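**Student:**
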Amino acid sequence: MQQVATQTQLDYHSETYKDAYSRINAIVIEGEQEAHDNYIRLAEMLPESAEELVRLSKMEKRHQKGFEACGRNLQVTPDMEFAKEFFHGLHQNFQTAAASGKVVTCLLIQSLIIECFAIAAYNIYIPVADDFARKITEGVVKDEYMHLNFGEVWLKEHFEESKAELETANAENLPLVWSMLNQVAADASILAMEKDALVEDFMIQYGEALSNIGFNTREIMRLSAYGLRAA
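Residue numbers (the numbering used here): 27 to 257.
So, in structure tokens, the structure goes:
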């Protein structure tokens, strides 16, 4: 209720809001581009699922265009240079894993970490978004659950042989999420998206995904908290 109330106090056209939005908007645009590229790469790695993965990649491209429209609606130019640097760590780790044929690591980065990060951000943003962006984001978040589901289903089917690699990939990549949240906390706060709410929603989404794959409660607590001290 607190966030909904805050919406009436936001001036979407103030210079302060638009400055912060230029980076937040760029992050979601770049995030959708990363997702598009990652699903295309995964389609090459998983030819038996290529049709589904290409379909997901096309959805991500549509999302990207939607968020570009959100920026134009507020007459904001997204800071894409900032966004590319923001995703640099996860981008590099995905590329390295893909070059080594590590499908499990690639799925953890894209289908779990990036999708859960996106869902959490969109869930917190929707109550405080301007009317145009709220409609776009509500449509996008429904799709993201479908993308998350692809990774969950594949990893559940291959859980026993994937478990060790999942734990290693989690240790290497989850700390990046906490540093990314810290990096964007001040801008997100200007948009009435509080960091604690983002962390909480991400941990809920990520914990549920780990549970759906096959990890038990104790394992989920250990994995979800990896690197959390940095948050």
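Virtual Cβ for every residue (Gly too), placed ideally from N, Cα, C. Owing to the predicted nature of the structure, the values given are computational and were not obtained by experimental measurement.
Nearest to histidine 62 by alpha carbon, out of Ile162, Asn242, Ala147 and Ser137?
**Tutor:** With distances taken between Cα atoms, histidine 62 lies closest to Ser137.
**Student:** At the level of alpha carbons, what is the spacing between asparagine 208 and lysine 221?
**Tutor:** 8 Å
**Student:** Under the rule that 16 or more other beta-carbon atoms within 10 Å means buried, what is tyrosine 148, buried or exposed?
**Tutor:** Under this definition tyrosine 148 is a buried residue.
**Student:** Measure the beta-carbon distance from leucine 134 to alanine 195 and round it to whole angstroms, keeping in mind my assumption that it falls under 8 Å.
**Tutor:** 4 Å
**Student:** So, is glutamate 186 buried or exposed, given that buried needs 16 or more other C-beta atoms within 10 angstroms?
**Tutor:** exposed
**Student:** Is the Cβ-Cβ distance between isoleucine 55 and glutamine 101 less than 7 Å?
**Tutor:** No, Cβ-Cβ distance for isoleucine 55 and glutamine 101 is not below 7 Å.
**Student:** Quick check on DSSP: helix, strand or coil for aspartate 37?
**Tutor:** coil
**Student:** State the Cα-Cα distance for the pair alanine 211 and glutamate 41, rounded to the nearest angstrom.
**Tutor:** 18 Å
**Student:** Exposed or buried, which one is glutamate 178 when buried takes at least 16 other CB atoms within 10 Å?
**Tutor:** Result: buried.
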